[in-house]
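In the UniProt record's numbering, the protein residues as written are 1 to 341.
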């Protein structure tokens with residue numbers, strides 16, 4: 001009667017207590033965990049599998065899964081369809097209820113895809129990047145060394161940072177170390193060096209800003225020829241109505257390429273870059289010796305009148321006692337005697 005009563009309560013939606021269907025299973029909400037791609041780059045397949053397997057173990061522990069059958073199901077479900085197909089291809093009659101046996105099958109497949117000589121070659125090509133600290137560089141090298149199978153990982157990383165560090169001064173400090181130098185000693189040296197460099201750069205920037213401010217102040221106080229206040233306005237700003245010192249017009253400043261006088265020749269001083277109305281040169285004084293300048297290029301000189309005889313092509317002089325049409329002539333300043341006419 002009690003059993004029938006409980007069955008009726010369950011059918012009616014009522015329950016006298018919690019109903020447990022499986023004491024070894026745990027209700028999970030599986031989602032947000034990335035699938036594994038077994039068909040990606042074969043050179044990095046082993047590394048990607050190790051990282052994914054590590055992430056899966058953390059995920060499984062965080063969910064509190066303890067049942068072995070549920071662990072296997074969670075592994076194959078989280079890995080995605082590609083990983084499931086690969087697993088059942090490697091072991092088609094698999095009835096494994098143990099997670100470790102399932103992982104051994106997959107580890108044997110992915111581990112064979114590692115090319116150690118190639119991985120070590122890629123490791124030796126790694127060098128410190130710009131704005132990367134030595135500690136960050138060491139972290140990248142350590143991640144890459146997983147697939148290189150070095151006997152002594154710290155020694156391999158130590159040699160790589162000495163050879164491939166970006167700062168030659170820091171490399172000199174590394175080489176100055178005598179005896180057996182560990183990786184931790186080099187990292188401590190690099191941290192001090194990088195900290196001092198950062199402090200020095202901060203101090204240099206502070207000093208540069210102060211000197212720059214003094215330079216700007218002195219420049220505004222000098223005021224050279226041709227540099228009026230409108231040309232020194234910050235970022236080209238000028239007050240409305242201020243005239244350009246080149247063309248005497250408004251709406252722009254002297255250094256604007258739109259100024260109509262920027263390539264014109266001044267008719268007053270002959271210089272290029274402004275109109276005569278804006279010319280600041282003084283007018284030339286009138287000469288006292290009778291010479292008169294015209295546009296600074298030509299002049300007219302007054303000469304004394306030469307003897308009247310020079311105004312004729314030739315001069316006939318009396319021949320004295322000479323007769324018969326014979327005379328003496330002066331032509332062009334040359335005297336000719338006894339010329340028959």
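No residue lacks a Cβ here, since even glycine has one placed at the ideal position from N, Cα and C.
Cα-Cα separation, residue i to residue j
{"i": "residue 335", "j": "residue 268", "result": "52 Å"}
{"i": "residue 165", "j": "residue 121", "result": "17 Å"}
{"i": "residue 59", "j": "residue 83", "result": "17 Å"}
{"i": "residue 133", "j": "residue 141", "result": "12 Å"}
{"i": "residue 153", "j": "residue 87", "result": "32 Å"}
{"i": "residue 103", "j": "residue 161", "result": "35 Å"}
{"i": "residue 53", "j": "residue 76", "result": "11 Å"}
{"i": "residue 148", "j": "residue 105", "result": "22 Å"}
{"i": "residue 56", "j": "residue 206", "result": "50 Å"}
{"i": "residue 131", "j": "residue 196", "result": "15 Å"}
{"i": "residue 243", "j": "residue 204", "result": "41 Å"}
{"i": "residue 189", "j": "residue 173", "result": "8 Å"}
{"i": "residue 38", "j": "residue 156", "result": "29 Å"}
{"i": "residue 176", "j": "residue 110", "result": "43 Å"}
{"i": "residue 115", "j": "residue 47", "result": "11 Å"}
{"i": "residue 170", "j": "residue 143", "result": "23 Å"}
{"i": "residue 330", "j": "residue 340", "result": "14 Å"}
{"i": "residue 137", "j": "residue 85", "result": "38 Å"}
{"i": "residue 64", "j": "residue 49", "result": "22 Å"}
{"i": "residue 327", "j": "residue 333", "result": "16 Å"}
{"i": "residue 185", "j": "residue 163", "result": "16 Å"}
{"i": "residue 181", "j": "residue 139", "result": "19 Å"}
{"i": "residue 61", "j": "residue 51", "result": "16 Å"}
{"i": "residue 43", "j": "residue 127", "result": "20 Å"}
{"i": "residue 167", "j": "residue 259", "result": "50 Å"}
{"i": "residue 93", "j": "residue 129", "result": "50 Å"}
{"i": "residue 70", "j": "residue 40", "result": "27 Å"}
{"i": "residue 198", "j": "residue 192", "result": "10 Å"}
{"i": "residue 151", "j": "residue 45", "result": "22 Å"}
Option in the options with minimal Cα separation from residue i
{"i": "residue 261", "options": "251, 153, 270, 247", "result": "247"}
{"i": "residue 34", "options": "245, 104, 80, 266", "result": "80"}
{"i": "residue 98", "options": "206, 66, 117, 158", "result": "66"}
{"i": "residue 145", "options": "137, 119, 266, 51", "result": "119"}
{"i": "residue 108", "options": "90, 125, 115, 123", "result": "90"}
{"i": "residue 72", "options": "100, 40, 46", "result": "100"}
{"i": "residue 78", "options": "36, 169, 116, 49", "result": "36"}
{"i": "residue 125", "options": "159, 93, 110, 114", "result": "159"}
{"i": "residue 256", "options": "274, 265, 282, 93", "result": "274"}
{"i": "residue 187", "options": "74, 151, 135, 253", "result": "135"}
{"i": "residue 249", "options": "277, 270, 117", "result": "277"}
Simplified DSSP state of residue i, which is helix, strand or coil
{"i": "residue 132", "result": "coil"}
{"i": "residue 331", "result": "strand"}
{"i": "residue 265", "result": "strand"}
{"i": "residue 39", "result": "coil"}
{"i": "residue 144", "result": "helix"}
{"i": "residue 232", "result": "Its pLDDT being 48, under 50, residue 232 is placed unreliably by the model, and nothing is read from it."}
{"i": "residue 282", "result": "coil"}
{"i": "residue 243", "result": "strand"}
{"i": "residue 181", "result": "coil"}
{"i": "residue 277", "result": "helix"}
{"i": "residue 114", "result": "coil"}
{"i": "residue 326", "result": "strand"}
N- and C-terminal bounds of the beta strand (DSSP E) containing residue i
{"i": "residue 340", "result": "334-340"}
Span of the alpha helix (DSSP H), counted from its first residue to its last, around residue i
{"i": "residue 45", "result": "45-63"}
{"i": "residue 79", "result": "68-79"}
{"i": "residue 126", "result": "Segment: none, residue 126 is in no alpha helix (DSSP H) and carries neither H nor E."}
{"i": "residue 111", "result": "99-111"}
{"i": "residue 162", "result": "153-164"}
{"i": "residue 91", "result": "Unbroken run through residue 91: none, as it is neither H nor E."}
{"i": "residue 257", "result": "Per DSSP, residue 257 belongs to no alpha helix (DSSP H) and is neither H nor E."}
{"i": "residue 174", "result": "168-176"}
Below-9 Å beta-carbon distance, residue i vs any chain C residue
{"i": "residue 80", "result": "No chain C appears in the structure shown, which is made up of a single protein chain."}
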